[in-house]
Amino acid sequence: MASATASLSLGAQHRRGRTFVALAAVAWSTAGILQRELSVGVGTQMAGRALFAVLGLAAYIAVVERGAVLRAFHAVGRAGLAVAALMAVSSGSFIVALNHASVANILFMQALAPVLAAVFGMLVGEPVSRRTWLAMAVAIGGVALMVGGPGRPHALGFGLSILMTVSFAGTLVITRHRRDVSMAPATCLSQVLVLVSAAPFAHPGQVGSRDLVLLVSLGVGQIGLGFVFLTIGGRLIPAAEVALITLLEVVLGPLWVWLVLSEQPGVATLAGGVVVLGAVAIQARGGVVEQRVPVP
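This is how it looks when you write it as structure tokens:
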């Protein structure tokens, strides 16, 4: 995939990256209000969301690459195939984990993704600032306050939650490490894998007009648009910071349910959400050294 020749200061690059990752978190946070309205089974949900995500992502790639779709897919190389596999594992294990572990445990494991991303990033030569370590510690505390801390999940649920977190952190690190190419095609391939895996368990005949609209919204908006924003922002800022900002999803999800469905969250959820927002603010206020660098 061709790279732009324009250059931005490192500070502008960071601001742009943070904005796009925050937009990804906003898109992902709509899952609660959309998915709970579905009346179809889990297999149909996964297959339907993946189908429309593939269509949406393919359309985006075709527009951005001006029709050179095959070239874009070829450009991601082995790193892209790894991202596709990790994304498919992360999204699939998340859905299955919901049936074997509490939401609290899953969210708490999700809060550990920034720490894992930081460790993985350090292994490939990306340093992590003290400010980022502090922000991650505060964020974990905020999520623990929101969900009451981790309980004692079923062994399968715990394993799936760990798999979800590790694969997501790995995705972010590879995306950042190979920031010379866009991983949008890889995200499309990940949803193809989810679609192929879920299709045998899907029942298209169950899908009514209301469910169809919801599945399109989930596939194109919540998943597709979220992944597009992530692939843009994830190339511009460190992987640990990406994972930290995506925790906004944990805060915004209950907020949308409150605003749209009038389900008021508890005091602990609100307090923990404020703490997580504070953690993101701590990181966002961190300065960067201004210098001219090429933008992918």
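Numbering (numbering that gives the first Met the number 0) for the sequence shown: 0 to 295. The beta-carbon is built from N, C-alpha and C at its ideal position, and this holds for glycine as well.
Considering Cα atoms alone, identify which of the options is closest to residue i.
{"i": "G147", "options": "A71, A198 and I105", "result": "I105"}
{"i": "P199", "options": "S8, T18, V39 and A46", "result": "A46"}
{"i": "R177", "options": "T131, V193, S160 and G232", "result": "G232"}
{"i": "A23", "options": "S89, L97 and L247", "result": "L247"}
{"i": "D179", "options": "A74, R130 and V62", "result": "A74"}
{"i": "G225", "options": "Q282, T18, S8 and Q263", "result": "T18"}
{"i": "A87", "options": "V273, P203, M163 and L122", "result": "M163"}
{"i": "T131", "options": "A242, R234, S216 and L85", "result": "A242"}
{"i": "V193", "options": "A136, A67, V41 and E64", "result": "V41"}
{"i": "A100", "options": "P264, L214 and L155", "result": "L155"}
{"i": "L136", "options": "E240, V25, P253 and E125", "result": "First, the amino acid is wrong: residue 136 is Ala here, not Leu. Ranking the options by Cα distance to A136, first place goes to E240."}
{"i": "F228", "options": "G10, S8, R15 and A11", "result": "R15"}
{"i": "R305", "options": "M121, S189 and R35", "result": "Nothing can be reported for residue 305, as the shown portion of the chain is limited to 0 through 295."}
{"i": "A267", "options": "A278, S261, L258 and P253", "result": "P253"}
{"i": "R234", "options": "A138, R175, A67 and V68", "result": "R175"}
{"i": "A11", "options": "A26, I236 and P264", "result": "I236"}
{"i": "L258", "options": "G140, G31 and V215", "result": "G31"}
{"i": "G272", "options": "V123, A26 and G140", "result": "G140"}
{"i": "V68", "options": "S181, S261 and E262", "result": "S181"}
{"i": "I173", "options": "L85, V127 and S189", "result": "L85"}
{"i": "G204", "options": "W27, L9, H13 and V39", "result": "V39"}
{"i": "L97", "options": "L122, I161 and G66", "result": "I161"}
So the alpha helix (DSSP H) residue i belongs to, where does it begin and stop?
{"i": "M86", "result": "G76 to A96"}
{"i": "E248", "result": "L247 to L260"}
{"i": "H153", "result": "Premise fails: H153 is in no alpha helix (DSSP H) and is neither H nor E."}
{"i": "Q190", "result": "A183 to A197"}
{"i": "L111", "result": "No alpha helix (DSSP H) holds L111; DSSP gives it neither H nor E."}
{"i": "G265", "result": "Element bounds for G265: n/a, residue is neither H nor E."}
{"i": "G124", "result": "From DSSP, G124 is part of no alpha helix (DSSP H); its letter is neither H nor E."}
{"i": "R129", "result": "R129 to V146"}
Taking 7 angstroms as the cut-off, is the beta-carbon of residue i closer than that to any non-hydrogen atom of the ligand ATP?
{"i": "I105", "result": "The model depicted lacks the ligand ATP and carries no ligand whatsoever."}
My guess is that residue i and residue j are in contact by the Cβ rule of under 8 angstroms, so how many angstroms apart are they, rounded?
{"i": "V275", "j": "V256", "result": "About 16 angstroms; that fails the 8 angstroms criterion."}
{"i": "L33", "j": "Q221", "result": "6 angstroms"}
{"i": "V191", "j": "V53", "result": "6 angstroms"}
{"i": "I281", "j": "L133", "result": "6 angstroms"}
{"i": "V206", "j": "T43", "result": "7 angstroms"}
{"i": "F93", "j": "G218", "result": "Wrong, their Cβ atoms sit about 16 angstroms apart, outside the cutoff."}
{"i": "V82", "j": "L159", "result": "Contact doesn't hold; Cβ gap of about 20 angstroms is too wide."}
{"i": "I244", "j": "V20", "result": "4 angstroms"}
{"i": "A238", "j": "F119", "result": "7 angstroms"}
{"i": "A49", "j": "A283", "result": "Their Cβ separation, rounded to whole angstroms, is 32 angstroms, which puts A49 and A283 out of contact at 8 angstroms."}
- Message: For a minimum of 4 consecutive residues, which ranges assigned as the alpha helix (DSSP H) are wholly contained in the stretch 15 to 75?
- Response: 30 to 34, 41 to 63 and 68 to 74
- At least 3 beta-carbon pairs within less than 8 angstroms: the stretch 64 to 81 vs the stretch 179 to 189: yes
- Meets three-Cβ-pair contact criterion under 8 angstroms: the stretch 111 to 128 and the stretch 157 to 172: yes
- Query: Can you list, in chain order, the stretches of the alpha helix (DSSP H) that have 4 or more residues and sit fully within the stretch 199 to 250?
  - Reply: 208 to 215, 225 to 232 and 238 to 244
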